[in-house]
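If you're matching positions, the sequence shown starts at 44 in my numbering and goes up one per residue.
Have a look at the structure below, then the notes.
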Amino acid sequence: MTLDTLLKLPGFLYEVNGHYYYLGKWICKECTEIEATDCVSMYHMCRNGQEEPDTAMYFQKIRAFSDFALEIPYNPAQIQTDLSHLLTSLTDADQKSLDIQIQKFTEDLEKYTGQTIS
């Protein structure tokens, strides 16, 4: 289910077992940029604390980082292969954590941009 879901979503930065990855329909790429990974921590902290204006700001920053990380021209077949490889390498706990992050992202995507994913 996660692969199909990710292939419909715009890029976002997710934390998986201490590593950060840009994942989405146009991207599957590890992120080592500290400014971007710090935004993920702040986004989750603000979201958990229900600090609405800051959550929205960090959400938009992460989306911007994700867009800037895109490699043009993109290769849809390679992205799907890379996503599939990453997902099959996850432990059950990592998969559950990623599923929760994706659910929160889809909620915030609709809340802050009006986009819905079917």
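Even glycine gets a Cβ: it sits at the ideal position worked out from N, Cα and C.
Simplified DSSP state of residue i, which is helix, strand or coil
i	result
residue 58	strand
residue 160	coil
residue 49	helix
Contact check, residue i vs residue j, beta carbons under 7 Å
i	j	result
residue 97	residue 89	yes
residue 107	residue 155	no
residue 63	residue 85	no
Buried/exposed call for residue i, threshold 16 Cβ in 10 Å
i	result
residue 109	buried
residue 46	exposed
For the stretch 53–69 against the stretch 117–135, are there 3 or more C-beta pairs whose distance is under 8 Å?
-> yes
Ranges of the alpha helix (DSSP H) found wholly within the stretch 63–144, counting only runs of at least 4 = 77–91, 95–111, 119–131
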